[in-house]
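Structure first, commentary second.
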Amino acid sequence: MPAFHFNRLGRFPRFLAVGALNSLFGFCAYSACILLGLPPWAALIAGNVAGIGFNFLTTGGLVFADLSRKRFPRFVLSYLALYLLNLGLAHEIIPLVGGPIACQALLTPPLACLSFLLMSRFVFNRRTGP
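Right, here's the structure in full:
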């Protein structure tokens, strides 16, 4: 039986696999902050800050095979946009679902799809870099 090679997957399936790991990391960081008593806006900031470096390495390296430092500012800008969208949606949804952790569990999948679009078209697009 031939060995499985992660790079044989297409870009989107690799993004989903790496995104699951990144989302789990960010969700755990966010949840831990909530459980420690931080308000949702601060927990979102903490989760995003904790994940940016890790996610750049995994997404840039494993999905797009590009760890150029020139891409990092766009990566951070994308995370800032996702944070602001997440914050606005969370403000509206938390009261409807009974709490910030349940809200984040609902928001994570659609925000991950939007993240792929940002990463593939704005951050790691071959036309935007070297």
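Numbering (full-length UniProt numbering), first residue to last: 1 to 130. For every residue, glycine included, the Cβ atom is placed at its ideal position computed from N, Cα and C.
Please classify residue i as buried or exposed, where buried requires at least 16 neighbouring CB atoms within 10 angstroms.
i, result
"proline 39", "exposed"
"glycine 88", "exposed"
"glycine 98", "exposed"
"glycine 10", "exposed"
"arginine 69", "exposed"
"glycine 37", "exposed"
"alanine 20", "exposed"
Indicate the three-state DSSP secondary structure (helix, strand or coil) for residue i in the structure shown.
i, result
"phenylalanine 124", "coil"
"residue 135", "The structure shown does not extend to residue 135, since the chain is modelled only from 1 through 130, so no value can be given for it."
"residue 131", "No answer is possible for residue 131: it lies beyond the span of the chain, which begins at 1 and ends at 130."
"residue 137", "Examination of residue 137 is not possible in this model, given that the chain is present from 1 through 130 alone."
"proline 39", "coil"
For residue i, I'd like the list of residues in its chain whose CB is within less than 7 Å of its CB, leaving aside the five on either flank, ordered along the chain.
i, result
"valine 123", "Arg71, Arg74, Phe75, Ser78"
"serine 23", "Thr108, Ala112"
"tryptophan 41", "Leu87"
"phenylalanine 56", "Phe72, Phe75"
How far does the alpha helix (DSSP H) with residue i in it extend, from its first residue to its last?
i, result
"leucine 16", "11-35"
"phenylalanine 72", "72-97"
Report all residues from its chain with a CB closer than 8 Å to the CB of residue i; omit the five preceding and five following residues, and keep chain order.
i, result
"phenylalanine 4", "Note that phenylalanine 4 scores 44 on pLDDT, short of 50, meaning its location in the model is unreliable and no value can be drawn from it."
"leucine 106", "Ile93, Val97"
"leucine 118", "Ser78, Ala81, Leu82"
Give me, in chain order, the residues of the same chain whose beta-carbon lies closer than 6 Å to that of residue i; leave out the 5 immediate sequence neighbours on both sides.
i, result
"proline 100", "Ile34, Pro40, Ile94"
"phenylalanine 64", "Phe124"
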